[in-house]
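A.B. asks: Going by this note's numbering, the first residue of the sequence shown is number 4, and it counts up by one from there. All C-beta atoms in this analysis are idealised placements derived from N, C-alpha and C, irrespective of residue type, glycine included. Sharing a structure below in structure tokens format, with a few things to ask.
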Amino acid sequence: MSKIPEDAIKCLDKGFVRLVDSMGGDNAIVQAARVSYGKGTSKVSQDRGLIRYLMRHRHTTPFEMVEFKFHCKMPIFVARQWVRHRTANINEYSLRYSEARDEFYLPNPDHIQFQSALNKQGRMGEVSDQLKHKVHKYFKEISDRSFEIYSELNNDGVARELARAILPVNLYTEWYWKNDLHNLLHFIGLRSDSHAQYEIRVFSDAMAESVKAVAPFAWEAYQDYAVSGLRFSRIEQSILEKQLPNRVVDDILEDIAYQITATLHVNKPRSESDIYPLYKKQGGLDSEEDFRLKWDSGEIQSGNVRELREFKEKLFSLKN
Ligand SMILES: Cc1cc2nc3c(=O)[nH]c(=O)nc-3n(C[C@H](O)[C@H](O)[C@H](O)COP(=O)(O)OP(=O)(O)OC[C@H]3O[C@@H](n4cnc5c(N)ncnc54)[C@H](O)[C@@H]3O)c2cc1C
């Protein structure tokens with residue numbers, strides 16, 4: 004079984020993730036999207052805007068144009084969770100064909116904890132050194148003993164495909180794992196989340212490094228809209244509609260009118276005399292005098308016009 008290659012990210016005590024190959028990046032996403040939206044210009048800022056639009060509207064197929072192939076080595080119990088992600092292409096080290104190696108996961112003492120009382124699928128709390136020592140000792144004992152028996156059965160000529168069944172799930176396995184960006188982001192979203200088991204999170208976080216490098220705009224958009232974005236259910240929205248006073252919504256709408264004006268001005272600079280009318284066109288309510296005061300403060304942020312307008316629509320729908 005492979006030692007940790009130089010270009011790999013080490014994971015747990017003996018595992019790793021290594022990006023073997025990738026196809027495309029942010030450019031492949033916009034290239035594919037422009038087929039559906041017609042040809043457009045391809046300034047970097049526009050590429051970023053388009054990727055963010057696609058992510059926001061869950062137009063996912065352009066993200067499937069980017070491919071990643073990883074070589075990974077992980078304990079079998081991690082692979083059991085990993086393999087549930089059905090859209091990947093996998094080729095795994097065969098214990099029918101090859102002999103197992105004496106490589107078992109022994110947890111780092113920092114990650115030996117009690118069963119969580121709050122989450123049935125989690126751990127918590129500080130375990131005594133004595134208990135940590137016992138856990139470590141048992142992991143080592145069972146790994147060593149099972150491998151001894153496995154080797155003995157191998158030497159007796161017992162079929163490898165049967166002898167392997169004696170080995171525990173902390174044995175390391177390895178595979179090539181290929182997936183597209185859309186499904187890889189879905190994997191990372193689930194497996195880098197704090198609810199995922201620590202041992203798989205380490206691998207997911209390592210793969211995330213490759214995504215950041217290969218498709219930085221897509222990664223950023225995924226963080227902004229999928230990971231940090233909030234969705235409100237119908238029930239939650241009706242509570243917001245009832246509880247959020249119109250004046251608060253109006254204040255936010257006013258801020259947005261300023262931000263849209265600033266963004267339009269950044270994108271295509273206007274003459275001084277055209278800026279106030281532009282702000283009024285965005286629904287701004289301030290008098291020209293107040294507008295000048297705020298505008299000249301230099302504190303108005305620009306953003307993405309389309310995104311700000313979408314937000315404005317959502318806010319309008321909350322007004323009663
Ligand atoms: C914290 C956590 C706890 C979990 N606990 C358990 C558990 O206790 N028991 C358990 O069995 N599993 C558990 N799982 C696994 C989980 O139920 C999913 O099987 C796993 O996360 C894969 O998710 P997925 O199906 O969305 O991903 P993928 O298989 O990668 O699929 C990606 C997307 O493709 C689509 N898709 C793929 N295949 C099909 C299909 N055949 N039909 C329709 N759509 C499809 C779906 O939209 C899916 O979301 C857990 C997962 C997590 C993250």
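(1) Is any heavy atom in ligand 1 found nearer than 7 Å to the beta carbon of A229?
(2) Below 8 Å between beta carbons: does that hold for Y179 and H74?
(3) With respect to the beta strand (DSSP E) encompassing K135, which residues constitute its N-terminal and C-terminal limits?
(4) Starting from the N-terminal side, write out each stretch of the alpha helix (DSSP H) that is 4 residues or longer and does not extend beyond the region 25–92.
(5) Nearest to R234 by alpha carbon, out of R59, H136, V86 and E212?
(6) With a cut-off of 8 Å on the beta carbons, I'd call A229 and L184 a contact; round off their distance for me.
(7) Pull up the distance between the alpha-carbon of A209 and that of C14, whole angstroms please.
(8) Do the region 25–37 and the region 188–207 make contact, defined as three or more Cβ pairs closer than 8 Å?
(9) With respect to the beta strand (DSSP E) encompassing I242, which residues constitute its N-terminal and C-terminal limits?
(10) Alpha carbon to alpha carbon, how far is S149 from I169? Give it in angstroms, no decimals.
(11) For H114, I'd like the list of residues in its chain whose CB is within less than 7 Å of its CB, leaving aside the five on either flank, ordered along the chain.
(12) Quick one: what does DSSP say K13 is sitting in, helix, strand or coil?
(13) Would L243 and L321 qualify as a contact pair, given that the criterion is a beta-carbon distance under 8 Å?
(14) Closest to A199 by CA distance: which of Q34, A260, Q84 and A35 is it?
(15) Given this structure, state the Cα-to-Cα distance separating A91 from L156, to the nearest angstrom.
(16) Taking 7 Å as the cut-off, is the CB of R194 close to at least one heavy atom of ligand 1?
(17) For R61, is the beta carbon positioned less than 7 Å from some heavy atom of ligand 1?
(18) Does Y96 come out as helix, strand or coil in the three-state DSSP assignment?
(19) Can you name the residues that DSSP bridges to K181?
(20) Just how far apart, CA to CA, sit A82 and S39?
C.D. replies: Considering the structure as presented:
(1) no
(2) yes
(3) Segment D132 to N158 is the alpha helix (DSSP H) holding K135; no beta strand (DSSP E) there.
(4) 29–40, 47–59 and 79–85
(5) R59
(6) In fact, because the Cβ distance is near 12 Å, the residues do not count as touching under 8 Å.
(7) Using only the alpha carbons, I get a separation of about 8 Å.
(8) no
(9) Not the beta strand (DSSP E): I242 falls in the alpha helix (DSSP H), residues R237 to Q246.
(10) For I169 and S149, the gap between their C-alpha atoms comes out near 6 Å.
(11) Y201
(12) strand
(13) yes
(14) Q84
(15) 34 Å
(16) yes
(17) no
(18) coil
(19) Its beta-bridge partners are K72 and N92.
(20) 37 Å
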